[in-house]
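Asks:
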Amino acid sequence: WPSHPRPPLLCSELPTGGDSASVWETRELASLTTSCTFYELSFQIIRKALSEEKRVSTKTSAADLVTETDHLVEGLIISELQKRFPSHRFIAEEAAAAGAKCVLTPSPTWIVDPIDGTCNFVHRFPTVAVSIGFAVNQELEFGVIYHCTEERLYTGRRGRGAFCNGQRLRVSGETDISKALVLTEIGPKRDPATLKLFLSNMERLLHAKAHGVRVIGSSTLALCHLASGAADAYYQFGLHCWDLAAATVIIREAGGIVMDTSGEPL
C-alpha cells in the first residue's frame, strides 16, 4: 500500500470476470476494496442505521447479537465482489452463523465481517467497523478495516506496510507489561468457565501493574489501535477468522506479532 496519496483505482478501470488471483495484482484487488461504490455504500448504510431502531436477533447466546444491517452489508459486499471475481471464495460471519462451512483453501478467498462491534451498533455506541481480509494459497495478502463513525481507513498489504488514512502505522514496541496499555474483549460467552478465565486474566494484569486494561467492544478496531501504537498488547480467547484476518496483516505490517496461546504464529 502506498504511503502517499494516489488516485484511486476505479471499478470501471478493472476488467470483470477474472478467474484467478494471478490475473490481478494484489494491489489492484486492495484498491478495488477501498474505492468502489459498493464499499462506500456499506459505510453509509451502517452510519445511517446506527442512530435508528434495529431488529435484533441472537445467535450462540443472549449476548451474541445480529441485526438486519449485518445481513444487508454482508450480502452487498459479497454479491458485488462475486460479480467481479466469480471464482473467488468467501468466508463471512453471518453466512457461517447460518451454517456455511468455514474452510480456507488455496483458492483466492475474501474473509468478511460486515459489522464488527454489533453489540456496540445495537446500543448506538460508535465503535463499529467493516473488516475485509484477502488470502491466496492460505496466506493473508491484505486487509482493510474501516472505522465507520470516525472515517478512519486502516489498510495493510503483505510486504508493503500498514496505514491509516495514508499515514504509516507502527506498533509501540513496548515490552514491559507494567508500562503497557492492554486491550481485550469479553466476548459473547457467559458460562462459568469462560467468566472465570476472563476475570483471572484481568486480575493477573492488574497485579502486574499494567497501566490499564480496556474493553472497547470491537476486536478489529482494538487491533487497529495496537497497530497504531495507541495500545501495547491485545489478547482474547474465542476469536473467529473474520475477527482476525484483516487485522493480522495490518499488525504484522506495522511491526507487531500475532500468535496463538501457545506462542505459535497465528
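Take the working numbering: the final residue in the sequence shown is number 1276, and no numbers are missing along the way. No residue lacks a Cβ here, since even glycine has one placed at the ideal position from N, Cα and C. Since this is a predicted model, take the numbers as computed values, not measurements.
#1: Since Asp1253 and Asp1080 should fall inside the 8 Å C-beta cutoff, what is the C-beta to C-beta distance between them, to a whole number of angstroms?
#2: Output the boundary residues of the beta strand (DSSP E) element that contains Cys1129.
#3: DSSP beta-bridge partners for Phe1144?
#4: Just mark Arg1178 as buried or exposed, buried being the case when its beta carbon has 16 or more other beta carbons within 10 Å.
#5: Taking Leu1205 as the reference, which of Thr1128, Ser1141, His1235, Gly1248 has the closest Cα?
#6: Would you kindly report the start and end of the unbroken beta strand (DSSP E) that includes Ile1101?
#7: Quick check: what's the CA-CA separation for Glu1078 versus Ile1087?
#8: Decide if Arg1065 is buried, meaning its Cβ has at least 16 other Cβ atoms within 10 Å, or exposed.
#9: If we require 4 or more residues per run, which alpha helix (DSSP H) segments fall completely within the segment 1202 to 1239?
#10: If you count every other CB in all the chains shown that lies within 10 Å of the CB of Pro1118, and 16 or more means buried, which is it?
#11: Just the C-alpha distance for Leu1150 and Pro1202, rounded to the nearest angstrom, thanks.
#12: Can you find the residues in the same chain that come closer than 6 Å, C-beta to C-beta, to Val1033, ignoring five residues on each side of it along the sequence?
#13: Between which two residues does the alpha helix (DSSP H) containing Arg1094 stretch?
#14: With 16 as the cutoff for other CB atoms within 10 Å, does Thr1230 come out buried or exposed?
#15: Taking all protein chains shown into account, decide if Val1140 is buried (16 or more other Cβ within 10 angstroms of its Cβ) or exposed.
#16: What's the gap between the Cα of Gly1265 and the Cα of Tyr1164?
#17: How about Ala1256 and Gly1143: do their beta carbons lie closer than 8 Å?
Replies: On the basis of the coordinates in this document:
#1: Between Asp1080 and Asp1253 the Cβ distance is about 14 Å, and since that is not below 8 Å, they are no contact.
#2: No beta strand (DSSP E) holds Cys1129; the alpha helix (DSSP H) holding it covers 1128 to 1132.
#3: Trp1120, Phe1152
#4: exposed
#5: Gly1248
#6: 1099 to 1102
#7: 14 Å
#8: exposed
#9: 1202 to 1217, 1229 to 1238
#10: buried
#11: 35 Å
#12: Confidence in Val1033 is poor, its pLDDT being 37 and thus under 50, which makes the residue's placement too unreliable to answer from.
#13: 1078 to 1094
#14: buried
#15: buried
#16: 15 Å
#17: yes
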